[in-house]
Every structure is written in structure tokens, then in C-alpha cells.
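Chemist: Heads up: the sequence lines are chains A and B, in that order.
Residue 1 is where the first sequence starts when you use the numbering used here, and the numbers rise one by one after that.
Residue 1001 is where the second sequence starts when you use the numbering used here, and the numbers rise one by one after that.
If you scroll down you'll find the structure; I have some questions about it.
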Amino acid sequence: MCGTCGCDDPAETRTVLLEQDVLAKNDRLADRNRAWFAEHGVLAVNLMSSPGAGKTTLLERMVTDLGGELAISVAEGDQATRIDADRIRAAGGNVVQINTGTGCHLDAEMLAGALPVLDPPPGSVLLVENVGNLVCPALFDLGERHRVVIMSVTEGEDKPVKYPHMFRAATLVLVNKVDLLPYVPFDMPRFVDAARHVNPEVDVLPVSATRGDGLDSWYAWLRRAVPTAA
Amino acid sequence: MHELAITQGVVDAVTERLGDTRVSRVVLEIGRLSGVAVESVRFCFPLVAEGTPLAGARLDIVEPPGRGRCRRCGRETELVDPLAVCPCGSADLELTSGRQLLVKRVEVA
């Protein structure tokens, strides 16, 4: 007889209620990271985009432009190679490379492992360059304060409705490569409509990491978000 | 393919709670707004379960629709996918359900 309900199921199985959140382990570690950032007065920003949107170019530029004013640490996520970390280091940045192997996203445990190595000082910014992918990283909380999606004008203005989870979780979208606008058919108002359709509160800033357009606004946004020293 | 990591999370969650107990059936609840492809989870499950107490277990997945409250008209509405909008036309919805990713229950032999 079945041990749960008394039926005559010959398999004699027993049902165990679990009600267990599958992401609970990652969320727990993310909360621990969040507490660490709060305690150390560090602003953590999770940067996400498709491959080739210009994350690393933007980071190189930021390290150069803000180096004297704002301490910046970078956690570089890629499936393989140290190429991106070497680029950031060459620009003068404090950087750790995280290789995910077959993994398509960073998780909270990987970032936790990078923190003692980076040791970001109080009042500084930790920029996490997630694996280039508009799908998987959306699901994994790293303990960051903000999620910023970087997309480039060559990707087309309908990206937010094609990848709603990614855009819904963002505080800000940086639309990169606006220096290419004369050469590609990208409709900025249509893009803003698409982004607000999935995320009515999202901010959008057009930038060019190579030519410098819009970077002052992005840096002002970052400065406002940095915790003031206690 | 974050479903591979998600499915690994399912197996970990079960073995953490039940240790070496043989599991014959797993019931998951994956909300329609969770961003998880159910077919990929079905594909990954036997591969991830291999060599664990979940090997050979039957996998059942319940997919409840989402619910959201419209910030414009206040109506509570059912959402079948992440792009669904309120009947009033507004996309400004506060999601109240549909993003869950749960191991509901298991059957042990």
C-alpha cells in the first residue's frame, strides 16, 4: 500500500514535498555578495550585452577617463582566454578574468571568488563584464546594485522585445556605437519604445565608446550611484 | 543554455535534501515568465541525473501562466508570455506570479 495516501499503488512510492527554489543557492550567495558590497561601500554594476556590443572597449575607455578620479575594478567574464583582462590591465585597470568554460553566464559564486583578489577599496566601482549573451545572464543574480545592458546600433532596434528578460531586469541601457548611425538603419525612438515596452522605467543613454559621445552622461550616472563614504 | 545549470540546480536541490535516497519522479513548476525553456530542461535532465540518485527518474513539469497587475488601470490579468500586455493596452505591469522555478515534490521508492 502507498505510504502517502493509502491507495493500492503497488510501487509503494512516497511523496516528499520540497517546494525548493531552484535558484535559491545562487540567490543566497548573491545576497552574501550584496552584503559584502554594502559593508565595503562598493558599487557593483553587472554589464550585459551580446558578444561584440563593445563592453570591453567601453571599459578600457572608462579606466582611462576615470582612472584619476574613481577607483575602478573589473571582473571579466568569458568562456575562454585572458584577452579581455589583458586589455583592461594594459589600460591601467585592476582586473580579474573569470573563465566559465562551457558556462554561458557568470553566477554569484564565481564573482565571490574574484572579490578577495580584486579587493576593491571603499567608494569604488566594481564593473562586472558578464559573458556576451542576452539570454542566460538575465537569470543569475550576482549581488549587483544595478544591471546595465549595452547594445549597439548595428544590432537593430527590436532587441528588447526579442530578449525581454534581459531588458526587463536592466536599470539602464547604453546604446553604443552611435558614431555608426549615419551608416546603419537604426531608429532610436523606436528602440526607446521597444525598451520601455518591456521595462517602462528603464533609462536609455546613447554613447560611442570609441568617439566619446554621451560618456559624460554615463559617468555622471555612475558618480550618482557610488555610495558616499560613511 | 542556462537550462543546463538550472537542471543541475534541480538535481543538487533534491540530493541536498534527500541524500542517497532513490528518486523515481520529480515534479517541477516552471512559470511561463521564468525565461526557462522547458524542452531544454527535459533534454538536460537525464544527462545531469545520470550517476545520481535521480537517474532514470520520471520528470513532470507544470507550467503555470503568469499574472500581473496593471499600473495604469489596476486590473489583474493573466500573462501567457513575457511580452503579454494588459487588455487596456498598457505594458506597465507589476508581475505578481509566473517567474517561479521550483522543485515542487519528488517521489521516492
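All C-beta atoms in this analysis are idealised placements derived from N, C-alpha and C, irrespective of residue type, glycine included.
Which residues of chain A have a Cβ atom closer than 7 Å to the Cβ of residue 1006 of chain B, listed in chain order?
Modeler: Residues of chain A passing the Cβ test: 22.
Chemist: Let's see if you can read the secondary structure: which residues bound the beta strand (DSSP E) around residue 15 of chain A?
Modeler: Residue 15 of chain A -> beta strand (DSSP E) spans 14–21.
Chemist: What's the call for residue 1073 of chain B, buried or exposed, on a 16-neighbour Cβ count within 10 Å?
Modeler: Residue 1073 of chain B is exposed by the Cβ-count criterion.
Chemist: If contacts are defined as beta-carbon pairs under 8 Å, then residue 1079 of chain B and residue 1071 of chain B qualify, I think. What distance do you get, rounded to the angstrom?
Modeler: With a Cβ gap of about 14 Å, residue 1079 of chain B and residue 1071 of chain B do not count as contacting.
Chemist: Would you identify the three-state DSSP class for residue 49 of chain A, choosing helix, strand or coil?
Modeler: Residue state, collapsed to three classes: coil.
Chemist: How many whole angstroms separate the CB atoms of residue 1091 of chain B and residue 146 of chain A, which I take to be in contact at a CB cut-off of 8 Å?
Modeler: About 22 Å separates the two Cβ atoms, so there is no contact after all.
Chemist: If the criterion is Cβ atoms closer than 8 Å, does the pair residue 57 of chain A and residue 79 of chain A meet it?
Modeler: Not a contact, by the Cβ cut-off of 8 Å.
Chemist: Who are the neighbours of residue 1050 of chain B on chain A, taking C-beta pairs under 9 Å?
Modeler: The premise fails here: residue 1050 of chain B is roughly 17 Å from chain A at the closest Cβ pair, so nothing lies under 9 Å.
Chemist: Output yes or no for whether 8 Å exceeds the beta carbon distance between residue 214 of chain A and residue 222 of chain A.
Modeler: It is not a contact, given that the beta carbons lie outside the stated cut-off.
Chemist: Threshold first: 3 residues or longer. Then list the beta strand (DSSP E) segments lying entirely within the stretch 104–167 of chain A, N to C.
Modeler: With a minimum length of 3 residues, the continuous beta strand (DSSP E) runs that stay inside the stretch 104–167 of chain A are 125–129 and 146–152.
Chemist: Terminal residues of the continuous alpha helix (DSSP H) containing residue 1100 of chain B?
Modeler: Neither: residue 1100 of chain B is in no alpha helix (DSSP H) and is coded neither H nor E.
Chemist: Taking the alpha carbon of residue 1099 of chain B as the reference point, which residue from A:217, A:143 and A:23 has its own alpha carbon closest?
Modeler: Cα-wise, what sits closest to residue 1099 of chain B is A:23.
Chemist: Report yes or no: is there a C-beta of chain A within less than 8 Å of the C-beta of residue 1082 of chain B?
Modeler: Answer yes: the Cβ-Cβ gap between residue 1082 of chain B and chain A drops below 8 Å somewhere.
Chemist: Using only alpha-carbon positions, find the residue among A:199, A:160, A:152 and A:72 that is nearest to residue 171 of chain A.
Modeler: The residue with the shortest Cα to Cα distance from residue 171 of chain A is A:199.
Chemist: Under 8 Å, CB to CB, which of the residues in the stretch 139–155 of chain A have a partner in chain B?
Modeler: Against chain B - using a Cβ distance shorter than 8 Å - the residues of the stretch 139–155 of chain A are 139 and 140.
Chemist: For the beta strand (DSSP E) that residue 78 of chain A lies in, which residues bound it at each end?
Modeler: First-last of the beta strand (DSSP E) with residue 78 of chain A: 72–78.
Chemist: Determine the direct distance from the alpha carbon of residue 188 of chain A to that of residue 81 of chain A, and round the result to whole angstroms.
Modeler: Their backbone Cα atoms lie some 34 Å apart in a straight line.
Chemist: Any idea if residue 1096 of chain B is buried or exposed, counting beta-carbon neighbours within 10 angstroms, 16 or more meaning buried?
Modeler: With fewer than 16 other Cβ atoms within 10 Å, it is exposed.
Chemist: For the beta strand (DSSP E) containing residue 1038 of chain B, name the first residue and the last one.
Modeler: That residue, residue 1038 of chain B, is in no beta strand (DSSP E); its alpha helix (DSSP H) goes 1038–1049.
Chemist: How would you list, in chain order, the residues of chain A whose beta-carbon sits under 8 Å from the beta-carbon of residue 1107 of chain B?
Modeler: The answer, in chain order, is 13, 14, 15 and 16.
Chemist: Do we get a CB-CB distance below 8 Å when we pair residue 165 of chain A with the residues of chain B?
Modeler: Interface residue, yes.
Chemist: Is residue 2 of chain A helix, strand or coil by DSSP?
Modeler: Residue placement at residue 2 of chain A is poorly supported in this model, since its pLDDT is 48, which falls under 50; the coordinates still yield a value, given next. Reduced to three states, the DSSP call for residue 2 of chain A is coil.
Chemist: Tell me which residue opens and which closes the beta strand (DSSP E) that residue 206 of chain A is part of.
Modeler: Residue 206 of chain A -> beta strand (DSSP E) spans 203–206.
Chemist: Suppose contacts are defined by Cβ-Cβ distances below 8 Å. Is residue 129 of chain A in contact with residue 76 of chain A by that definition?
Modeler: Yes. Within cutoff.
Chemist: Helix, strand or coil: how does DSSP classify residue 1090 of chain B here?
Modeler: Three-state result, residue 1090 of chain B: coil.
Chemist: Tell me, to the nearest whole angstrom, how far the beta carbon of residue 95 of chain A is from that of residue 125 of chain A; I am working on the premise that it is less than 8 Å.
Modeler: Not quite, the Cβ-Cβ distance comes to about 13 Å (not below 8 Å), so this is no contact.
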